[in-house]
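Below: one structure, written as structure tokens.
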Amino acid sequence: MGIQVVTVFLQKQGIPSNSFNLADASGLSRRNSIAPRAIVRLLQIMHSDRAFRDSLAIAAVDGTLKNRFQDTPAQANLSGKTGTLSDVVSLSGYVKPAAYDELAFSIMLNHSDRPQKR
Numbered sequence: 011m012g013i014q015v016v017t018v019f020l021q022k023q024g025i026p027s028n029s030f031n032l033a034d035a036s037g038l039s040r041r042n043s044i045a046p047r048a049i050v051r052l053l054q055i056m057h058s059d060r061a062f063r064d065s066l067a068i069a070a071v072d073g074t075l076k077n078r079f080q081d082t083p084a085q086a087n088l089s090g091k092t093g094t095l096s097d098v099v100s101l102s103g104y105v106k107p108a109a110y111d112e113l114a115f116s117i118m119l120n121h122s123d124r125p126q127k128r
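If you want this note's numbering, it's the 1-based position in the sequence shown plus 10.
Shown next, in the form of structure tokens:
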């Protein structure tokens with residue numbers, strides 16, 4: 011039932027069914043996947059939801075981004091969520107570049123040889 015609910019929600023948001031695969035409703039299965047473009051679309055939809063925005067870590071300030079982006083232009087101008095699976099490095103969220111409108115982004119690297127910071 012949970013997979014069906016999530017699938018219907020994503021499709022109602024205009025996210026094509028070929029851009030995600032749901033093996034379980036918990037998000038823990040390695041067979042779960044979603045394209046970065048679909049994540050960006052969800053971020054665009056959720057951009058005005060204050061509770062959602064408040065749940066994201068802020069670069070160099072708190073959460074999983076507290077020790078990242080320090081002394082860079084992204085400091086306090088980027089909010090996002092990091093990934094947590096081994097061999098995967100990911101960061102999705104919002105960034106407010108100087109002189110530009112806020113942007114939603116999603117970067118996912120599979121089979122990365124970079125150590126993952128949590």
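Ideal Cβ placement from N, Cα and C applies to all residues, glycine included.
Pairwise C-alpha distance: residue j and residue i
i	j	result
A69	G103	11 Å
S36	L113	28 Å
R128	Q14	Since pLDDT at R128 reaches only 47, below the 50 mark, its modelled position is unreliable, and the value read off the structure follows with that caveat. So the two alpha carbons sit approximately 31 Å from each other.
L32	A67	25 Å
R51	V18	15 Å
Simplified DSSP assignment, three categories, for residue i
i	result
F79	coil
V71	coil
L119	strand
A84	coil
For residue i, the first and last residue of its enclosing alpha helix (DSSP H)
i	result
K22	12–22
S65	60–65
Counterpart residues of residue i in DSSP-defined beta bridges
i	result
S43	N31
K106	The partner list for K106 (beta bridge, DSSP) is empty, contrary to what the question assumes.
Residue range of the beta strand (DSSP E) that includes residue i
i	result
S89	88–92
- Message: Pairs of beta-carbons, one from the stretch 43–52 and one from the stretch 106–121, closer than 8 Å: are there three or more?
- Response: yes
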